[in-house]
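Student:
In the working numbering, the protein residues as written are 12 to 107.
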């Protein structure tokens, strides 16, 4: 009976632990917005959905696609630029 082992995988039984760090290579991904940017904005959501969420605790979906349970004063934050763009297009203000 033989056991095959990946030559790139170290086994704790075959080598003593040496400690240290390793580097994982990954391709850089350029993001348009920083993680958490959605938290810095007030988002557009249908008013009846906000009221329903307040009663049920169910999350809502903003025009930009953010999903969350509203719980803060939107007057204290600037409007999400993605929500605004979608809203303007819905109103006919966008370039179509």
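By construction, the Cβ of each residue, glycine as well, lies at the ideal position given by its N, Cα and C atoms.
1) Which residue or residues does DSSP assign as beta-bridge partners of residue 53?
2) What does DSSP give as the partner residue(s) for residue 78 in the beta ladder?
3) For a test of the three-state rule: what should DSSP assign to residue 99, helix, strand or coil?
4) So, helix, strand or coil for residue 84, using DSSP?
5) Among 103, 70, 65, 75, which residue has its Cα nearest to the Cα of residue 52?
6) Could you tell me whether the stretch 91–103 touches the stretch 54–63, using the rule of 3 or more Cβ pairs below 8 Å?
7) Taking just the CA atoms, how far does residue 67 sit from residue 79?
8) Using a Cβ-Cβ cut-off of 8 Å (strictly less than) and excluding sequence neighbours within five positions of residue 2, which residues of its own chain qualify?
Tutor: According to the structure shown:
1) 90
2) Looking at the DSSP assignment, residue 78 forms a beta bridge with 72.
3) helix
4) coil
5) 75
6) yes
7) 13 Å
8) The shown model of the chain, from 12 to 107, leaves out residue 2, and the question about it has no answer.
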